[in-house]
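Novice: The sequence shown lines up with residues 0 to 491 when you count with numbering that gives the first Met the number 0.
Backbone N, C-alpha and C fix where the C-beta goes; we use that ideal spot for every residue, glycine too.
My questions will all concern the structure given below.
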Amino acid sequence: MRPIVILRRCASYEPDRIRGIVREGIQAVGDLPQGKVLVKPNGVIAHPEYFAHAYTRAEFLDGVLGALRDVAPQMAELAVGERCGIGMPTRLTFNNAGWHPVLKKHQAKAYFFDEEPQVEVKLGRTPRLRDYFYTPEPVARCDYLVNLPKFKTHPWTTLTLALKNFIGIQQDEHRLIDHDHRLDEKIADLQEIVRQRFIAVDGIVAGEGRMLTPAPFPPGLIIMGNNPVAVDAVCCHLLGLDPKEIGHIRAAHAKGIGPIELSEISLDGDVSLEEGKAAAKGLKAGLIRVEDFFRGTRITAHAGPPPEEMHFDYCWGGCPGAIEEAIDIVRKMQPDADEKMKRFTLVFGGYKGPIEPQDGQKVVFVGDCARWEGKICGRAVRIDSTYVDRKEKDPHRAKSESIFRKMVRMFWILSRGRNEQVLRLHGCPVSVSEMTHLIAGVGRTKNPYFVPKAAVPFLRAYVVFAVVRLFKRLLGMPDRKRAVEPPPRLTA
Ligand code: SF4
Numbered sequence: 000m001r002p003i004v005i006l007r008r009c010a011s012y013e014p015d016r017i018r019g020i021v022r023e024g025i026q027a028v029g030d031l032p033q034g035k036v037l038v039k040p041n042g043v044i045a046h047p048e049y050f051a052h053a054y055t056r057a058e059f060l061d062g063v064l065g066a067l068r069d070v071a072p073q074m075a076e077l078a079v080g081e082r083c084g085i086g087m088p089t090r091l092t093f094n095n096a097g098w099h100p101v102l103k104k105h106q107a108k109a110y111f112f113d114e115e116p117q118v119e120v121k122l123g124r125t126p127r128l129r130d131y132f133y134t135p136e137p138v139a140r141c142d143y144l145v146n147l148p149k150f151k152t153h154p155w156t157t158l159t160l161a162l163k164n165f166i167g168i169q170q171d172e173h174r175l176i177d178h179d180h181r182l183d184e185k186i187a188d189l190q191e192i193v194r195q196r197f198i199a200v201d202g203i204v205a206g207e208g209r210m211l212t213p214a215p216f217p218p219g220l221i222i223m224g225n226n227p228v229a230v231d232a233v234c235c236h237l238l239g240l241d242p243k244e245i246g247h248i249r250a251a252h253a254k255g256i257g258p259i260e261l262s263e264i265s266l267d268g269d270v271s272l273e274e275g276k277a278a279a280k281g282l283k284a285g286l287i288r289v290e291d292f293f294r295g296t297r298i299t300a301h302a303g304p305p306p307e308e309m310h311f312d313y314c315w316g317g318c319p320g321a322i323e324e325a326i327d328i329v330r331k332m333q334p335d336a337d338e339k340m341k342r343f344t345l346v347f348g349g350y351k352g353p354i355e356p357q358d359g360q361k362v363v364f365v366g367d368c369a370r371w372e373g374k375i376c377g378r379a380v381r382i383d384s385t386y387v388d389r390k391e392k393d394p395h396r397a398k399s400e401s402i403f404r405k406m407v408r409m410f411w412i413l414s415r416g417r418n419e420q421v422l423r424l425h426g427c428p429v430s431v432s433e434m435t436h437l438i439a440g441v442g443r444t445k446n447p448y449f450v451p452k453a454a455v456p457f458l459r460a461y462v463v464f465a466v467v468r469l470f471k472r473l474l475g476m477p478d479r480k481r482a483v484e485p486p487p488r489l490t491a
């Protein structure tokens, strides 16, 4: 049967209206939930004031959970699970997003994926980047996965919808592996872990231009379906984009996850594709190179190709994108950061041109793959790549690093280099949280982690997270479980 994509009009966040629309959507798809049902919203980051349009809204989740209860009252379990981004404890995102009262209302369980054991799942489809992945146990064991992405345009992957939302089914140490110039292929591989049985995209108010700090744009749409490639392809058409031009959609299609051509997708709903396009008209989408992103600001950026440069001239999924997100977090917390910031230069990858900072301005070579040789303010400088080939990065041996450890490491690097003009920052990728400390340290802006309004709830959530992890260890619960062949129901 051809996958179905349903476009429905919904102008506001009214849970009862959303519930009715989603109930009809599930019935139209005809694949009723059963067994353990896991709902995966987008909670990469959430805060009603600072990150208001980055996450799946509580009212949307409320409507979907209600609809699931309506159509499948006999489910063995109804749960909501997520791993949020930038090293924050996921508990914080559930609190900030306002999801807990909704879970209580619908008697749904919460799974904070960073507190769950990670299970190894073998992959089999080709082409693929990895032979196995780790995913939290609730994902590996669920019978029916419901994906609830937020409709967002994204400067590294153009869009983040059903396929990209799966980045949140990995704990950090696994999530960051291949989160570089091969991110598109990683996203495609992730689809093999578990099949998305029902998808409802929160496109009532979309997020424009950023992953963490998007601007609001109201298409007033809910987009539903039963195949992530088909859903994402139709969303591309809403924006006038060709899905074949979007790397991760093309990669997932190439793995046989779903159809990319409109002729192979059944369209349904009370909104035609043309009406949907009119509703989304003006929502900007596009990749932004880091040099262009910072043009006209006090940060100068230079970027050259990452390794494997015969295939890639830019690292779309790694360090350059991470700094774009980091600066916007700084700007959110300190609106005048751009005027107050000290000037500095960032260099990524195999940049070959001149580096000409004014005297005293710092130059930071970011990421393991940075390599450069020449003179900076008359001084000879040579930076060698320390990039480790991905074949050497075994997920079995991947280690997590707490956000506090990263913080201490960054303070150490920045304080040791305070009198140096040239700094080197290692990592592949260097994460958004590390970039945030970098901007605060080198640019002398406020560190978002120390803004009291955000820091106090963060610390509270972190303490609970750490205590829960400790208790689980004391009770003998393993952090990781070895390979299980995915049962057939898990394969996409
Ligand atoms: S070090 Fe950074 S820029 Fe280089 S390949 Fe890794 S993620 Fe990309």
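Count the other CB atoms within 10 Å of the CB of S432; is the residue buried (16 or more) or exposed (fewer)?
Specialist: In the sequence shown, residue 432 corresponds to position 433, counting from 1. S432 comes out buried.
Novice: Of all the beta strand (DSSP E) runs that stay within the bounds of the segment 138 to 199, which reach a length of 3 or more residues?
Specialist: Segments of the beta strand (DSSP E) lying fully in the segment 138 to 199: 143 to 147, 149 to 153 and 157 to 159.
Novice: Taking 7 Å as the cut-off, is the C-beta of D69 nearer than that to any heavy atom in ligand 1?
Specialist: By one-based count along the sequence shown, residue 69 stands at place 70. No, ligand 1 has no heavy atom inside 7 Å of this Cβ.
Novice: Determine the direct distance from the alpha carbon of P319 to that of M406, and round the result to whole angstroms.
Specialist: Within the sequence shown, numbered from 1, the residue matching residue 406 stands at position 407. Within the sequence shown, numbered from 1, the residue matching residue 319 stands at position 320. Distance between the alpha carbons of M406 and P319: 20 Å.
Novice: Using the Cβ count rule (16 or more neighbours within 10 Å means buried), how would you classify M0?
Specialist: Residue numbering aside, residue 0 sits at position 1 when the sequence shown is read from its first letter. Flag for M0 reads exposed.
Novice: Assign L474 to one of two classes, buried (16 or more other C-beta atoms within 10 Å of its C-beta) or exposed (fewer than that).
Specialist: Residue mapping note: residue 474 aligns to position 475 of the sequence shown, counting from 1. With fewer than 16 Cβ atoms within 10 Å of its Cβ, L474 is classed as exposed.
Novice: Between which two residues does the alpha helix (DSSP H) carrying Q26 extend?
Specialist: Within the sequence shown, the letter at position 27 stands for residue 26. It spans P14 to V28 - the alpha helix (DSSP H) in which Q26 sits, taken as one unbroken run.
Novice: Got a sec: does ligand 1 put a non-hydrogen atom nearer than 7 Å to the Cβ of F347?
Specialist: As a first step, residue 347 must be located in the sequence shown, where it is residue number 348. Correct: F347 has its Cβ closer than 7 Å to ligand 1.
Novice: For ligand 1, is there a heavy atom less than 7 Å away from the beta-carbon of P304?
Specialist: Numbered from its first residue, the sequence shown carries residue 304 at position 305. The answer is no for P304.
Novice: Where in the segment 315 to 393 do unbroken runs of the alpha helix (DSSP H), each at least 4 residues long, occur, reported from the N-terminal end onward?
Specialist: Listed in chain order, the complete alpha helix (DSSP H) runs (minimum 4 residues) inside the segment 315 to 393 are 318 to 332 and 336 to 339.
Novice: What did DSSP end up calling Y131 once you bin it into helix, strand or coil?
Specialist: As a first step, residue 131 must be located in the sequence shown, where it is residue number 132. Three-state DSSP puts Y131 in a strand.
Novice: Compute every distance between the C-beta of P428 and the non-hydrogen atoms of ligand 3, then say whether any falls below 7 Å.
Specialist: Here the bound small molecules are ligand 1; ligand 3 is not part of this structure.
Novice: I need the straight-line Cα distance from R468 to E114, nearest angstrom please.
Specialist: Against the sequence shown, residue 468 aligns to sequence position 469. Against the sequence shown, residue 114 aligns to sequence position 115. Their Cα atoms are separated by approximately 6 Å.
Novice: Is the beta carbon of P148 sitting closer than 8 Å to the one on N164?
Specialist: For the purposes of this step, residue 148 is taken as the residue at position 149 of the sequence shown. For the purposes of this step, residue 164 is taken as the residue at position 165 of the sequence shown. Contact: yes.
Novice: Look up Y54 in the DSSP assignment and say whether it is helix, strand or coil.
Specialist: Here residue 54 refers to the residue found at position 55 of the sequence shown. In the structure shown, Y54 sits in coil (DSSP, three-state: anything other than H, G, I, E or B).
Novice: Y131: beta carbon under 7 Å from a heavy atom of ligand 1?
Specialist: As a working mapping, residue 131 is identified with position 132 in the sequence shown. No - ligand 1 has no heavy atom lying nearer than 7 Å to the Cβ of Y131.
Novice: Starting from the N-terminal side, write out each stretch of the beta strand (DSSP E) that is 3 residues or longer and does not extend beyond the segment 271 to 317.
Specialist: 298 to 302, all fully within the segment 271 to 317.
Novice: Per the DSSP calculation, H46 is bridged to which residue(s)?
Specialist: Taking the first residue of the sequence shown as 1, we reach residue 46 at position 47. F50, per the DSSP bridge assignment.
Novice: From the DSSP output, in three-state form, read off P451 for me.
Specialist: Numbered from its first residue, the sequence shown carries residue 451 at position 452. Helix at P451.
Novice: Any idea what DSSP makes of E400, helix, strand or coil?
Specialist: Translated into the one-based positions of the sequence shown, residue 400 becomes position 401. If DSSP states are grouped into helix, strand and coil, E400 belongs with coil.
Novice: Hey, out of P32, A78 and I298, whose CA is closest to D502's CA?
Specialist: Missing from the structure shown is residue 502; the chain here goes from 0 to 491 and no further.
Novice: By alpha-carbon positions, which one of G316, E307 and K452 ends up nearest to L286?
Specialist: Within the sequence shown, the letter at position 287 stands for residue 286. For the residues G316, E307 and K452, the minimum Cα distance to L286 belongs to G316.
Novice: Give me the Cα-Cα distance between G416 and P451, rounded to the nearest whole angstrom.
Specialist: Mapped onto the sequence shown, residue 416 falls at position 417. Mapped onto the sequence shown, residue 451 falls at position 452. Near 27 Å, if we compare the C-alpha coordinates of P451 and G416.
Novice: What are the boundary residues of the beta strand (DSSP E) that includes I5?
Specialist: Residue mapping note: residue 5 aligns to position 6 of the sequence shown, counting from 1. Unbroken beta strand (DSSP E) run through I5: I3 to R8.
Novice: Where does P428 sit, in a helix, a strand or coil, going by DSSP?
Specialist: One-based indexing of the sequence shown puts residue 428 at position 429. Correct three-state label for P428: coil.
Novice: So is the beta-carbon of L310 under 7 Å away from any non-hydrogen atom of ligand 1?
Specialist: Locating residue 310 in the sequence shown gives position 311, where the first residue counts as 1. Looking at the sequence shown, residue 310 is not Leu but His. No, Cβ of H310 sits at least 7 Å from all heavy atoms of ligand 1.
Novice: Measure the Cβ-Cβ separation of V4 and F197 and say whether it is below 8 Å.
Specialist: By one-based count along the sequence shown, residue 4 stands at place 5. By one-based count along the sequence shown, residue 197 stands at place 198. No, the pair does not count as a contact, with Cβ atoms beyond the cut-off.
Novice: Should P353 and Y133 be called a contact, given that it needs their Cβ atoms to be closer than 8 Å?
Specialist: For this step, residue 353 is matched to residue 354 along the sequence shown. For this step, residue 133 is matched to residue 134 along the sequence shown. It is not a contact, given that the beta carbons lie outside the stated cut-off.
Novice: From F410 to E372, what distance separates their C-alpha atoms?
Specialist: For the purposes of this step, residue 410 is identified with residue 411 of the sequence shown, where counting begins at 1. For the purposes of this step, residue 372 is identified with residue 373 of the sequence shown, where counting begins at 1. Answer to the nearest angstrom: the Cα atoms are 27 Å apart.
Novice: Would you say the beta carbon of C376 comes nearer than 7 Å to a heavy atom of ligand 1?
Specialist: The residue given as residue 376 occupies position 377 in the sequence shown. False, no ligand heavy atom lies under 7 Å from that Cβ.
Novice: Please classify P479: does DSSP put it in a helix, a strand, or coil?
Specialist: The residue given as residue 479 occupies position 480 in the sequence shown. With the sequence shown as reference, residue 479 is identified as Arg, and Pro is not the correct amino acid for it. If DSSP states are grouped into helix, strand and coil, R479 belongs with the strands.
Novice: Quick check on this structure: which residue in E48, P47 and L64 has the alpha carbon closest to the alpha carbon of D15?
Specialist: Residue mapping note: residue 15 aligns to position 16 of the sequence shown, counting from 1. Among E48, P47 and L64, the Cα nearest to that of D15 is on L64.
Novice: Would you say E372 lies against chain D (beta-carbon separation less than 8 Å)?
Specialist: Here chain D cannot be found, since the structure has a single protein chain.
Novice: Starting from the C-beta of A107, find all residues in its chain whose C-beta is less than 7 Å away, skip the five residues before and the five after it, and write them out in chain order.
Specialist: As a position in the sequence shown, residue 107 is number 108, starting the count at 1. Same-chain partners within the cutoff: L64, L77, A78 and V79.
Novice: Going by other Cβ atoms of all chains shown within 10 Å of its Cβ, with 16 needed for buried, is A491 buried or exposed?
Specialist: The residue labelled residue 491 in the question sits at position 492 within the sequence shown. No answer about A491 holds up, because its pLDDT of 42 lies below 50 and its placement is not dependable.
Novice: Suppose contacts are defined by Cβ-Cβ distances below 8 Å. Is L158 in contact with I245 by that definition?
Specialist: Stepping through the sequence shown from its first residue, residue 158 is reached at position 159. Stepping through the sequence shown from its first residue, residue 245 is reached at position 246. Against a cut-off of 8 Å, the Cβ pair of I245 and L158 comes out as a contact.
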